[in-house]
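What follows is one structure encoded as structure tokens, with my remarks underneath.
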Amino acid sequence: MPNLTHLSLYYNELDSEFPSFILNSLKLTYLDLSENKLTGPVPDSITRLVNLEHLNLTENVFQGPLLSVDWPKLVSLKDLRLGQNEFTGMIPPEFGFLSNLQILELYNNEFNSTIPSELGRCTNLTSLNFANNSLTGGLPPSLSNLNQLVTLAMHENFLTGEISSNLIANWTQLISLQLQRNSFNGIIPPEISRLTNIQILFLYRNNLSGSIPPEVGNLNVLTKLDFSMNKLTGSIPSTVGNLTLLQLFHLFENNLTECLRNCSELQRVRLEGNHFNGDISKAFEVHPSLVYIDLDENEFSGIIPPAIGNLSGLQNLDLSRNGLSGSITGEIGKCVGLLQLSLSSNNLSACSVDLQSADFSYNDLSGPVPTFRQADMEVIVENSGLCGDAHGLASCNSNPAGGKKSNKIRIAVISSVAAVVLLVIIVTGVLVMSRKTRQSDEEMKYIIEHDSTESMIWEKDGTFKFSDIVKATDDFSDKYCIGGFGSVYKAELSTVIQLSVLNIHIALCEYAELAYTMKVTKKCDEYNYNVLFVKI
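Taken in order, the sequence shown gives residues 1 to 536; the numbers are from UniProt numbering.
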């Protein structure tokens, strides 16, 4: 196909090496082989395609280094996308001679070199993405020449050094800057204020220190800001209140001490693991669009702001490990979309909510426990005076005539009687267990050999005996084991009856008679007698 100029074979199941017929299409300007399973190296002879402007090999299994290709011969290249393959070794410095290059993507490969300074010659670059490799060293000063950059992604590498103010000052066209998950140090340069077009600014999980520059308040179109997991100190500058379009704001795991207000479009806020203090409603204004709030592990005090009840879209609220007091306001119940609530490790004293997930542990709550959709007692442990029907809680039955004193006496008497009864049960159980152990072998043998005298386990829609289960599982053979806690066996007794039998690590014959008296319905009821678990 010598006259072919445009070829797109993306999103197929091609699994050969680079298709050789393409190398004879010398007029080709556009080639897209992305999202296939092509393997092997990029052939050196690809440089025959001197008219090529767009080359997309993204998401294949191409391998090896790129240094063998004489890249400067592809003088017309504007768009080079090699991301998500298995390329290794150095990023070719020769890329710097592709003066028309506008897009260069090498993300999700295995490059382990430094960033070549020659890239500073590619002054027409608008998008540069080297994310998720193993690149080392710093950002070359020559990258300051790339003043047309719109997106820059270097995240998830091993880059070090400072984020130079000279670089930031010249990247004024940036819409997205992602340098997260590296080892950059030093301060966030004040020149960041020049990024007036920036919408996404991610510097999280580095070693940045110092304070958040107040100049960040000049980024008027910023929607997502994440400086979390650094070593930042001081307060959140009040100028952050100017960021009226901000939707995501993450500063967790720093050493910050003061909070923020006025960001009316905020949707997600994560400020956990800092040193914010004072009243939440004063330090952190309740923003109307919030769906996610995490202020865990700070030093907030006072009450839970009633205004939280106005957040109809709120789904997650975490105020745990602070110094909050008072009651858990009923206003929270107005948050009709709230799914997860964590208020543990505060000094709260009363609550009335019903949620999909809640954690009220380590407070001073008292009174009846409301109905939880998650039956996990850990979420209410270490509270004084809680009562309810759940296991581990005292009864809520009140005694107004006798008052607290009579309740204490009653509890003491009941506790004493319960202890005596428990002791009697334990002693009796030991004696019975000892007797059954001596008889177990004979009983099991008798059960299996005398089908005519067995009791029926199934009552209505059919009948089967314990020996039927033994036979159906070939005496609990491993080939019928389907896993689970203990040993779970699948027993097919007919075309309509299937059982899952759980053989706990106690000799089955010791309690075989329990299987005889078990009653099973068609309601998926479950019965557990420490020996057999039957589920229909």
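Even for Gly, the Cβ is constructed at its ideal location relative to N, Cα and C.
Distance CB(residue i)-CB(residue j) smaller than 8 Å
i, j, result
"Ser303", "Gly323", "One point to set straight first is that residue 303 is Ile, not Ser, in the sequence displayed. No; because the gap between Cβ atoms is not below 8 Å, this pair is not in contact."
"Leu7", "Ser25", "yes"
"Glu110", "Asn133", "yes"
"Val61", "Asn85", "yes"
"Leu143", "Leu119", "yes"
"Ile308", "Ile328", "no"
"Lys73", "Val50", "yes"
"Thr47", "Gln63", "no"
"Ile200", "Thr223", "yes"
"Glu53", "Ser76", "yes"
"Leu28", "Thr5", "yes"
"Gly83", "Ser113", "no"
"Leu177", "Thr196", "no"
"Leu66", "Pro92", "yes"
"Cys263", "His287", "yes"
6 Å CB neighbourhood of residue i in its chain, flanking five on each side removed
i, result
"Leu9", "Leu33"
"Asp318", "Asp294, Asp296 and Ser342"
"Asp226", "Phe202, Tyr204 and His250"
"Ala401", "Confidence at Ala401 is low in this model, with a pLDDT of 43, below 50, so its placement is unreliable and the value that follows should be read with caution. Cβ neighbours of Ala401 beyond the five flanking positions: none."
"Pro2", "none"
"Phe485", "Reliability of the predicted coordinates at Phe485 is poor, the pLDDT of 41 falling under 50, and no value is obtained from them."
"Gly137", "Thr114"
"Asp461", "In this prediction, Asp461 scores a pLDDT of 41, lower than 50, which makes its location untrustworthy; no coordinate-derived value is stated."
Residue from the options with nearest C-alpha to residue i
i, options, result
"Ile175", "His54, Arg194 and Asn346", "Arg194"
"Asn145", "Asn166, Leu52, Leu159 and Phe130", "Asn166"
"Ser345", "Ser301, Gly138 and Phe95", "Ser301"
"Leu31", "Gly40, Thr39, Phe111 and Phe18", "Phe18"
"Tyr292", "Leu232, Leu98, Leu248 and Lys224", "Leu248"
"Lys334", "Ser349, Gln315 and Asp279", "Gln315"
"Asn157", "Gly137, Asn170 and Asn182", "Asn182"
"Leu348", "Arg321, Gly337, Gly313 and Leu80", "Arg321"
"Val240", "Ile212, Leu77, Gly234 and Gln267", "Ile212"
"Gly161", "Asn185, Lys78 and Pro140", "Asn185"
"Ser127", "Thr136, Gly138, Met154 and Thr114", "Met154"
"Asp279", "Arg270, Glu299, Thr223 and Leu271", "Glu299"
"Asn124", "Thr29, Ile200, Leu149 and Lys37", "Leu149"
"Thr58", "Ser16, Ser45, Pro41 and Tyr107", "Tyr107"
"Ser45", "Glu35, Trp71, Gly137 and Lys37", "Trp71"
"Pro141", "Ala283, Ser117 and Lys471", "Ser117"
Cutoff 7 Å; reference residue i; Cβ partners in own chain excluding five residues on either side
i, result
"Glu449", "Confidence is the limiting factor: at Glu449 the pLDDT is only 44, short of 50, which leaves the residue's position unreliable and the question unanswerable from this model."
"Thr495", "Low per-residue confidence applies at Thr495: pLDDT is 47, beneath 50, and the placement is therefore not dependable enough to give any value."
"Pro189", "Ile163, Ser165 and Ile168"
"Gly217", "Pro237, Thr239, Val240, Asn242 and Leu243"
"Ile192", "Ile168, Pro213, Glu215 and Val216"
"Asp525", "Only weak support exists for where Asp525 lies, its pLDDT of 34 falling under 50; the value from the coordinates is given anyway. Closer than 7 Å at the Cβ level, and outside the excluded window around Asp525, lies no residue."
Same chain only: Cβ atoms within 8 Å of residue i, ignoring 5 sequence neighbours per side
i, result
"Tyr231", "In the sequence under discussion, the amino acid at residue 231 is Lys, which differs from the Tyr named in the question. The residues are Asn207, Leu208, Ser209, Asn254 and Asn255."
"Gln267", "Gln247, Leu248, Ser289, Leu290, Val291 and Tyr292"
"Thr257", "Thr233, Gly234, Ser235, Asn274, His275, Phe276 and Asn277"
"Cys122", "Phe95, Gly96, Leu98, Ser99, Leu101, Leu104 and Leu146"
"Leu139", "Ile115, Met154, Leu159, Gly161, Ile163, Ser164 and Leu167"
"Gly313", "Ser289, Leu290, Val291 and Gly337"
"Phe252", "Ser228, Met229, Arg270, Leu271, Glu272, Gly273, Asn274 and Asp294"
"Asn170", "Ser144, Asn145, Leu146 and Asn147"
"Val221", "Thr196, Asn197, Ile198, Gln199 and Leu245"
"Asn56", "Tyr10, Leu31, Asp32, Leu33, Ser34, Asp79 and Arg81"
"Ser16", "Leu38 and Thr39"
"Phe87", "Phe62, Gln63, Gly64, Pro65, Leu66, Leu106, Asn109, Glu110 and Phe111"
Opposing strand residues paired with residue i [DSSP bridges]
i, result
"Ile192", "Per DSSP, none; premise fails for Ile192."
"Val61", "Thr39"
"Ala153", "Asn129 and Gln178"
"Arg81", "Asn56 and Glu105"
"Ile200", "Ser176 and Lys224"
"Leu324", "Gly302"
"Thr160", "Ser183"
"Thr136", "Thr114 and Phe158"
"Leu232", "Gly210"
### Query
Considering only residues of the region 269-305, which uninterrupted alpha helix (DSSP H) runs meet the minimum length of 4 residues and lie entirely inside it, listed in chain order?
Within the region 269-305, the complete alpha helix (DSSP H) segments at least 4 residues long are 280-283, listed from N- to C-terminus.
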